[in-house]
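Trainee:
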Amino acid sequence: MGGMAQDFNFGIVADDLTGACDTAIKFSKGNRAVAVTHRLGSIALQSSSVLAVSTNSRNDEFSTVFSRTVDACAATEASGRCVSYVKIDSALRGYPGAQVGATLQATGRSSAIISPALPSHGRRLVAGRLESDSCAENKNMHLPTALEDQGLHSVLHIGQKCVRGGGSNLLRRLQDALQGAVQAIVIDASCDEDLKNIVAVCQCLQPMPLLVGSAGLAGQVAAFHEPQGHEMRNKVPSMPRSNGSCIFFVGSDHPTTVQQLDRFISERDPVMIDTDSRDLRSVESGLQSGEDLVIRILWDKPEEALTEIIGSDHWPGIAGVFACGGDTAQLVCDVLDVQAINLKGEIQPGVPWGVLMGGIADGCHISMKSGGFGDELTLERVRQFFYGQPSCRV
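Residue 1118 is where the sequence shown starts when you use the working numbering, and the numbers rise one by one after that.
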């Protein structure tokens, strides 16, 4: 599909850091600069054409989610970017209604189109409800009803039959709804083709509604706006070989993460510590010998413990950092005083990587993922990528 003007300035607001990254990276095709930050004071300093801002509010109360989203939108638009996408959780955690309502208020838009399906990870929206191959949470949630309970008014649901019944049919339904008092339209999607159809039809709407979804819908928005002359592909630049350590920060207890970690430990026998033990001697020894480190995040004053474990002297020799889980990624970036992440690509779908900007680990490579993403070999792929071994890239 068609290209965009070179002054493409696209703003994304997400409720956690891993979600901001796995959504924003979809826009990196054609060497487009993409950055993610969780610090509102850093927004104006970013020159990237695509900027995602994490409010770090997934686990907060409704009022906090709302206020943080308003602040993030205001700061993003003040930087010259249009907030065009709100990333909500594909498992429907948090308060998506607060995210949408706050963004509509802050940007002056009157309506939103919402489709949180993530087919690549087995998460579909059918009859307005989440269907998932692996996520039991919120399976019984009727999203249109939940959004009204969270403050949105007049929420319309459009089913899969209409989505697959031809673009003109869906366009008429949307136009009719938006001419009324409908504030949000929830649209079913079970596959990427459904999401592609939704995005294509939305481009015909004037004014353009706010688009809301996961990395699934974002990927189709990015494909629509891909610069001309660039194929849709996942380009992973070559990494220089490194003899330094890879540090894996694991705070998620999702069964997918547990399986990944068990496989990695059995094959690589990394140095294992946790934030309760604060085993600095093992950290020093592992880093000096270039071994892999796995640091388990235990959630009893983890920031204090992590600050003690990962001091500034360690970072010049680190090959890469991996954070598993949104809270873990946020914690690591806070402790390292990271200002932003310059995203570069994906090691595999749902596992973006980039370069840390600012703080004591400035210039270090980082990758992260949501706890439920990836397969059994994800940690091994990350390790091989950081060590410059191309055979494991996708």
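All residues carry an ideal CB built from backbone N, CA and C; glycine is no exception.
From a predicted model like this one, the values you see are computed outputs, not experimental measurements.
Can you name, in chain order, every residue of its own chain whose Cβ lies under 8 Å from the Cβ of Leu1460, other than the five neighbours on each side?
Mentor: Cys1138, Ala1141, Ile1142, Ser1145, Val1151, Ala1152, Val1153, Pro1469, Trp1470 and Gly1471
Trainee: Flag this pair as yes or no: are the beta carbons of Gln1465 and Thr1445 separated by less than 8 Å?
Mentor: no
Trainee: Using the Cβ count rule (16 or more neighbours within 10 Å means buried), how would you classify Ser1201?
Mentor: buried
Trainee: Counting Cβ pairs, one atom from each stretch, are 3 or more of them under 8 Å apart for the region 1412–1420 and the region 1440–1455?
Mentor: yes
Trainee: Taking buried to mean at least 16 other C-beta atoms within 10 Å of its own C-beta, is Glu1401 buried or exposed?
Mentor: exposed
Trainee: Just tell me which of Ile1390, Ala1298 and Cys1481 has its CA closest to the CA of Gly1434.
Mentor: Cys1481
Trainee: Does DSSP classify Met1349 as helix, strand or coil?
Mentor: Any reading at Met1349 must be qualified, since the residue scores a pLDDT of 44, below 50, and its modelled position is unreliable; the value itself is stated next. Of the three classes helix, strand and coil, the one that applies to Met1349 here is coil, per DSSP.
Trainee: If distances are taken between C-alpha atoms only, which option among Thr1220, Ala1208, Ser1165 and Ser1164 comes closest to Thr1186?
Mentor: Thr1220
Trainee: In angstroms, rounded to a whole number, what distance separates the CA positions of Asp1479 and Leu1134?
Mentor: 18 Å
Trainee: Could you compute how far the alpha carbon of Lys1070 sits from the alpha carbon of Gly1333?
Mentor: The structure shown does not extend to residue 1070, since the chain is modelled only from 1118 through 1511, so no value can be given for it.
Trainee: Run through DSSP, which three-state label would Glu1248 get?
Mentor: strand
Trainee: Do Ile1230 and the ligand SAH come close, with the Cβ less than 7 Å from some heavy atom?
Mentor: Annotation note on the ligand SAH: not contained in the displayed structure, which lists no ligands.
Trainee: Nearest by alpha-carbon distance to Ser1484: which of Gln1163, Ser1180, Gln1501 and Gln1376 is it?
Mentor: Gln1501
Trainee: Kindly list the residues whose CB is nearer than 7 Å to the CB of Asp1250, restricted to its own chain and excluding five residues on each side of it in sequence; keep chain order.
Mentor: Here the set comprises Gly1239.
Trainee: Can you check DSSP and say which residues form a bridge with Pro1469?
Mentor: According to DSSP, Pro1469 bridges with Glu1463.
Trainee: Look up Val1316 in the DSSP assignment and say whether it is helix, strand or coil.
Mentor: helix
Trainee: Should Lys1463 be labelled buried (16 or more other beta-carbon atoms within 10 Å of its own) or exposed?
Mentor: The sequence shown places Glu at residue 1463, rather than the Lys named in the question. Glu1463 comes out buried.
Trainee: What is the rounded straight-line gap between the Cα of Pro1387 and the Cα of Ile1315?
Mentor: Straight-line measurement puts the Cα of Ile1315 at about 45 Å from the Cα of Pro1387.
Trainee: Between Gly1102 and Asp1454, what straight-line distance do the alpha-carbon atoms span, to the nearest angstrom?
Mentor: The structure shown does not extend to residue 1102, since the chain is modelled only from 1118 through 1511, so no value can be given for it.
Trainee: Tell me, which residues are paired with Val1243 by DSSP?
Mentor: Arg1246
Trainee: Report yes if the CB atom of Lys1204 is closer than 8 Å to the CB atom of Ala1335, and no otherwise.
Mentor: yes
Trainee: How far does the beta strand (DSSP E) with Gly1437 in it extend, from its first residue to its last?
Mentor: Ile1435 to Cys1441
Trainee: Take the Cβ of Leu1397 as the centre, count every other Cβ of all protein chains shown within 10 Å, and call the residue buried at 16 or more, exposed below.
Mentor: Its Cβ having fewer than 16 others within 10 Å, Leu1397 is exposed.
Trainee: Using beta-carbon positions only, say whether Pro1326 and Arg1210 come within less than 8 Å of one another.
Mentor: Pro1326 is not a Cβ neighbour of Arg1210, given a cutoff of 8 Å.
Trainee: Which residues in the same chain as His1274 place their Cβ atom closer than 6 Å to its Cβ, once the five residues preceding and following it in sequence are excluded?
Mentor: So the qualifying residues of the chain are Gly1245, Pro1261 and Val1303.
Trainee: How many Å lie between Val1299 and Thr1373 at the Cα?
Mentor: 39 Å
Trainee: Given this structure, state the Cα-to-Cα distance separating Glu1343 from Gly1147, to the nearest angstrom.
Mentor: 7 Å
Trainee: Which of the three DSSP states is assigned to Glu1198 in this structure?
Mentor: The identity of residue 1198 in the sequence shown is Arg, whereas the question assumes Glu. In the structure shown, Arg1198 sits in coil (DSSP, three-state: anything other than H, G, I, E or B).
Trainee: In chain order, what residues of the same chain have a beta carbon less than 6 Å from the beta carbon of Gly1330, not counting five sequence neighbours either side?
Mentor: Contacts found: Ser1232 and Pro1233.
Trainee: When burial is assigned at 16 or more other CB atoms within 10 Å of the CB, is Asn1176 buried or exposed?
Mentor: exposed
Trainee: So, are the CB atoms of Leu1168 and Thr1193 less than 8 Å apart?
Mentor: yes
Trainee: Apart from the five residues just before and just after Met1474, which ones in its own chain have a Cβ nearer than 6 Å to its Cβ?
Mentor: Cβ within range, chain order: Gln1456, Ala1457 and Asn1459.
Trainee: DSSP beta-bridge partners for Ser1362?
Mentor: Ile1435
Trainee: Give the DSSP bridge partners of Ser1484, in chain order.
Mentor: Here Ser1484 is bridged, per DSSP, to Phe1439 and Trp1470.
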